[in-house]
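Before any comments, here is the structure.
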């Protein structure tokens, strides 16, 4: 058969779950991983260990792949352009992906498209931060973000005063562009996830609520409870617009703030399978991982509709106990319908080492089951 | 983490799908495969290529595995006993598995347990076949089966007369025990699939209808349409009894004949994930593959209940076109809810190279969608 080969750069859990989703599709999956101990490298059949920042490594890896896609945003944009110049299909392409790599570029482009964003400005020094706060953001607190390289709350500071901004000097000293943004007074965070293929087909998943704790995604509820239909459709349309205008191929996660007056503002973009879409593995007809593979291969996309009235995903973070196996066994015994997804990673406090998913008709019950299992696995409850 | 290692012997599609199911469970999966090109070897992370009939190979493979389980029944029983004597956990164990390996032993044991079976007798030569037909089976036709080694219609002959039995001489000449059975006048075939763990927990999947074409499973409908509840429960109880009495660990498929007068008779046993359970990947809360892994590790079992009123699985057999990719693309475009499972195998006419699954509320629609996709992929329809 001439089934194609998907090459994925990055060996984290997103690649692990993409490999899992690719198995029934019959595609070959090749992985470029930093280490043979990475989450995806433990389970994939064809693993190249190498540095994704090295162009020669990328070029050698790309040979024999029909398309290159990503577990993370850390491949240098210029290397992606070099691969494209070699004739390699890179999806999402560098001109799209740069908007997930560089928050300053993202804000400029989305604003030009008329997409609602928090007020923002690239700042050079603490004096700039004070000016931005006083003249544009309606005062402190404001949010400072390194334009490149941050994730899961890293590279992000909330500063409550000009003095505090003075103390956050590391990003300025590092010479990386820093983005200042108003601190949006949101009622909750949402995510609108869509998948788009090169020939322009796109599908939109139900808009979800994403509950963050300490800047890390903690729980996702699908669909977002109580979200007015008009807001949900507007959020989906906004995500589809961004995917189309930026020519994204593959999965696009648009993280959103929902404000008290019913508006949505774009927080972040991710152009890969995303934590806010993990619920789709058990909760949707076609998972984000399967649709990402289908999209980067320009195959027809699968049905994104939910399979149950409510699906809840809760991240399993590492706790104080390095061995989760006894807790895992307990959770399986307590709830035979629980869907556990472990990443094969060593447990470190606060590290994402897995997630659990539950679904059903009663949101309170579905939520309690997911919450209980995640907390029990982490070791913060013992019943 | 101390997550365990499951070693699976045999590199076919059952191992491929078991690996897929093991990824979210966080277990390590090691494969002993005849070839690096086998279906499961293409996607598994830890593959040993070697001969499952060689005890030294098995012993070396078993080192570092917490449990050994199987994609097929072809490992010699004496090797399994040797592994057990070495202290290896073999699940299902040889004393159970021998009943799936040897049809004569299986018939004797089930009959002793009072499990309804077709009338049967081990025969030595064509004269024995004639005696069995005339004195026990109510006349010809009768079914001849090699006691060991048959599958998918291979090693099975239906003989309509004593003269025809004379012509089926190969198994007698080969010196393998041959089992003669009455040809049951069944209305359809069913399968009762259960999973049992070493500590004795067991779950039963809904009883399904299995439609065979030329001795090969073609379509499975879950649950079996129109099956009286009492018959379904009786079939499940029968499968649970067999699992308990034979001390099966892992998945047990009990293939059944349903007779016009509402009885069920056991046709075959398989102690591994089975074609009649593939529907569970998309149609049940916990798939047969995930529950097989959980069972052989003695983990609590997952919920076997269906997720939709109807689920239909249709096998994709190889046709005249070696390249299925264009047809695959067409099927995805036609039906975004279609679940395709390809095995990565080269297409040969009649070979099982994948399956498709559909589910929904309307059986006629669900069945038509699965049938259409399987036929289109095989190339026997072009619209």
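Residue numbers (UniProt numbering), protein chains in the order written: chain A, 1 to 383; chain B, 1 to 383.
We put the beta carbon where it would ideally sit given N, CA and C, even for glycine.
In this text, all values refer to a predicted model and were calculated from it rather than measured experimentally.
With 7 Å set as the bound, which would you pick, yes or no: does the beta-carbon of residue i sit closer than that to a beta-carbon of chain B?
i	result
residue 42 of chain A	yes
residue 341 of chain A	yes
residue 163 of chain A	no
residue 337 of chain A	yes
residue 390 of chain A	Within the shown structure, residues of chain A are numbered from 1 to 383, placing residue 390 of chain A beyond reach of any answer.
residue 365 of chain A	no
residue 128 of chain A	no
residue 303 of chain A	yes
residue 360 of chain A	no
residue 369 of chain A	no
residue 299 of chain A	yes
residue 93 of chain A	no
residue 325 of chain A	yes
residue 215 of chain A	no
residue 344 of chain A	yes
residue 200 of chain A	no
Is the Cβ of residue i closer than 7 Å to any Cβ of chain A?
i	result
residue 379 of chain B	no
residue 374 of chain B	no
residue 332 of chain B	yes
residue 238 of chain B	no
residue 31 of chain B	no
residue 7 of chain B	no
residue 2 of chain B	yes
residue 285 of chain B	yes
residue 23 of chain B	yes
residue 38 of chain B	no
residue 319 of chain B	no
residue 10 of chain B	no
residue 20 of chain B	yes
residue 45 of chain B	yes
residue 386 of chain B	Because chain B in this structure spans residues 1 to 383, residue 386 of chain B falls outside the shown range and cannot be described.
I'd like to confirm the pairing. Which residues does DSSP put opposite residue i in its beta bridges?
i	result
residue 255 of chain A	A:191 and A:268
residue 3 of chain A	Beta-bridge pairing links residue 3 of chain A to no other residue.
residue 352 of chain A	A:317
residue 310 of chain A	A:360
residue 394 of chain B	A query on residue 394 of chain B cannot be resolved here, the shown segment of chain B reaching from 1 to 383 and no further.
residue 204 of chain B	B:194
residue 33 of chain A	A:49
residue 250 of chain A	A:196
residue 222 of chain A	A:311
residue 167 of chain B	Beta-bridge pairing links residue 167 of chain B to no other residue.
residue 28 of chain B	B:5
So residue i is in the alpha helix (DSSP H); what residue range does that whole segment cover?
i	result
residue 372 of chain B	363-378
residue 238 of chain A	229-245
residue 303 of chain B	No alpha helix (DSSP H) holds residue 303 of chain B; DSSP gives it neither H nor E.
residue 13 of chain A	13-25
residue 342 of chain A	Here residue 342 of chain A belongs to no alpha helix (DSSP H); instead the beta strand (DSSP E) covers 339-342.
residue 327 of chain B	325-334
residue 280 of chain B	280-283
residue 294 of chain B	288-296
The beta strand (DSSP E) spanning residue i covers which residue range?
i	result
residue 180 of chain A	178-182
**Study point:** Start-end ranges of the beta strand (DSSP E) lying completely within the segment 37-113 of chain A, minimum 3 residues
**Key:** 46-49 and 67-70
Exercise for review: Write down every uninterrupted run of the alpha helix (DSSP H) in the segment 109-163 of chain B whose length is 4 residues or greater and which is fully enclosed by it, in chain order.
Suggested key: 126-135
Review point. Taking one C-beta from the segment 10-21 of chain B and one from the segment 269-288 of chain B each time, how about it: are there three or more such pairs within less than 8 Å?
Key: yes
Check your understanding: Are the segment 10-17 of chain B and the segment 272-286 of chain B touching, with three or more C-beta to C-beta distances below 8 Å?
Key -> yes
Point to revise | Three-pair Cβ contact test at 8 Å for the segment 183-199 of chain A versus the segment 242-256 of chain A | key: yes
**Study point:** contact_flag[the segment 137-151 of chain B, the segment 95-103 of chain B] where n(CB pairs < 8 Å) is 3 or more
**Key:** yes
Practice item. Tell me, please, whether the segment 235-246 of chain B touches the segment 109-122 of chain B by the rule of three or more beta-carbon pairs shorter than 8 Å. Key: yes
Point to revise | the segment 355-362 of chain A contacting the segment 29-44 of chain B, beta-carbon criterion three pairs below 8 Å | key: no
Point to revise | Given 8 Å, three or more beta-carbon pairs between the segment 130-137 of chain A and the segment 180-195 of chain A | key: yes
Review point. Taking contact to mean at least 3 C-beta pairs separated by less than 8 Å, is the segment 62-72 of chain B in contact with the segment 292-308 of chain B?
Key: yes
**Study point:** Three or more C-beta pairs below 8 Å linking the segment 312-331 of chain A and the segment 217-229 of chain A
**Key:** yes
Review point. Using 8 Å as the threshold, is the segment 254-274 of chain B in touch with the segment 184-195 of chain B, meaning 3 or more CB pairs across them?
Key: yes
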